[in-house]
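Numbering (this note's numbering), first residue to last: 253 to 381. Notes follow once the structure below has been shown.
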Amino acid sequence: MSSKNENKCQKCTAKCCSYVSQQIDTPRSIAAFDFLLWQLSHKEIQLYKDEDGWFLLINNRCTHIQDDGSCGIYEVRPQICRDHSNDYCEYDSPAEEGFELFFDGYESLDNYCRKRFKKWDKRFKKPKK
């Protein structure tokens with residue numbers, strides 16, 4: 253890492269260490285979106301789609317981040333942290349700028365599903381006997 257990029261980390265508030273993105277299978281069915289609604293019903297969970305696919309966004313700060321934003325286990329940090337490059341990172345531009353779709357919670361995803369699926373509200377209706 254160049255000194256320019258090291259300085260970038262020293263000015264940052266550890267944005268890259270405040271969440272986890274987990275890629276998921278592309279949701280296609282009502283059932284898949286209904287399951288995502290359940291996930292977004294939990295605190296600090298969001299959902300986005302970008303050029304690489306669909307991701308759960310889990311907003312939960314790393315336990316090793318110190319009050320000054322530095323890593324408390326820097327010398328023994330996990331490999332994924334070692335591999336992270338800050339050549340172009342969220343200090344330069346927010347990740348949200350690359351989102352094609354973003355759902356900040358249950359309500360925003362539910363609204364999307366109502367537009368996408370004509371039978372969205374019928375998923376609760378029980379078949380007549």
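Glycine included, each C-beta is placed from N, C-alpha and C at the ideal position.
- Going by C-alpha positions, Trp290 is about 15 Å away from Phe376.
- In the structure shown, Ile332 falls within a helical segment according to DSSP collapsed to helix, strand and coil.
- Contact check for Ile317 and Cys261: beta-carbon distance about 12 Å, past the 8 Å limit, so the pair fails to qualify.
- Between Phe351 and Leu299, the C-beta spacing is not below 7 Å.
- Here Trp306 has Ile276, Thr278 as same chain residues with Cβ atoms under 6 Å from its own Cβ, once five neighbours each way along the sequence are excluded.
- For Asp302, the enclosing beta strand (DSSP E) stretches over residues 297-302.
- With respect to Gln274, Leu308 sits close: the two C-beta atoms are nearer than 7 Å.
- Note on geometry: alpha-carbon atoms of Cys365 and Asp286 lie some 9 Å from one another.
- Lys301 sits away from Leu361, with the two beta carbons spaced by 7 Å or more.
- Listed in chain order, the non-local C-beta contacts of Thr265 below 8 Å within the same chain comprise Gly321, local neighbours out to five positions each way being set aside.
- A residue is called buried when at least 16 other Cβ atoms come within 10 angstroms of its Cβ; Ile297 meets this threshold and is buried.
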